[in-house]
Amino acid sequence: MSDTVTVTERAAQRIAKILDTEPPGSMLRISVEGGGCSGFQYKFDFTTDRNDDDLVIEKAGATVLVDEISLPYMAGTELDWVDDLIGSAFKLQNPNATANCGCGTSFSV
């Protein structure tokens, strides 16, 4: 299992499109917080601040940040953009999650 986080081309293109509507220099920060139905939940924020210890993923004009505290919970995770019958959304495939909730934004390890 990889100790990093990856972003698919589809997700990077969608993030870049969203970032075009944000202030110049904006990046997407993904973090893990306590809470949600399964114990942990993902948080998505836009920021112009990059920390020295952030994992920085740059792809297709998008910059994604993961802080060092969240990284162990997200190691090996792939961020994708899915467009299916029930709608369009970012989807995180996290190999560390032992359970996920129905909404897909909460998990346990």
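Residue 9 is where the sequence shown starts when you use the working numbering, and the numbers rise one by one after that. Beta carbons are placed, not taken as given, at the ideal position from N, Cα and C, and that holds for glycine. From a predicted model like this one, the values you see are computed outputs, not experimental measurements.
Counted within 10 angstroms of its Cβ, other Cβ atoms place Val40 as buried (16 or more) or exposed: Indexing the sequence shown from 1 puts residue 40 at position 32. It is buried - the Cβ of Val40 has at least 16 other Cβ atoms within 10 Å.
Let's test the definition: count the other Cβ atoms within 10 Å of the Cβ of Thr29 and tell me whether it reaches 16, buried, or not, exposed. Position 21 of the sequence shown, counted from the first residue, corresponds to residue 29. Burial call: exposed.
In terms of residue numbering, what span does the beta strand (DSSP E) encompassing Glu76 cover? Looking up residue 76 in the sequence shown gives position 68. Secondary structure note for Glu76: it is in no beta strand (DSSP E), with a DSSP letter that is neither H nor E.
Rounding to the nearest angstrom, what Cα-Cα distance links Trp89 and Ser96 in this structure? Locating residue 89 in the sequence shown gives position 81, counting from the first residue. Locating residue 96 in the sequence shown gives position 88, counting from the first residue. Rounded to whole angstroms, Trp89 to Ser96 spans 7 Å at the Cα level.
Starting from Arg37, trace the beta strand (DSSP E) both ways and give me its first and last residue. If you number the sequence shown from 1, residue 37 lands on position 29. For Arg37, the enclosing beta strand (DSSP E) begins and ends at 35-42.
Take Thr5 as the anchor and find which of Leu73, Thr85, Leu63 has the nearest alpha-carbon. The requested residue 5 does not occur in the structure, where the chain is confined to residues 9 to 117.
Quick one: give me the first and last residue of the beta strand (DSSP E) that Leu100 is part of. The count along the sequence shown starts at 1 and reaches residue 100 at position 92. Leu100: member of the beta strand (DSSP E) spanning 95-101, first to last residue.
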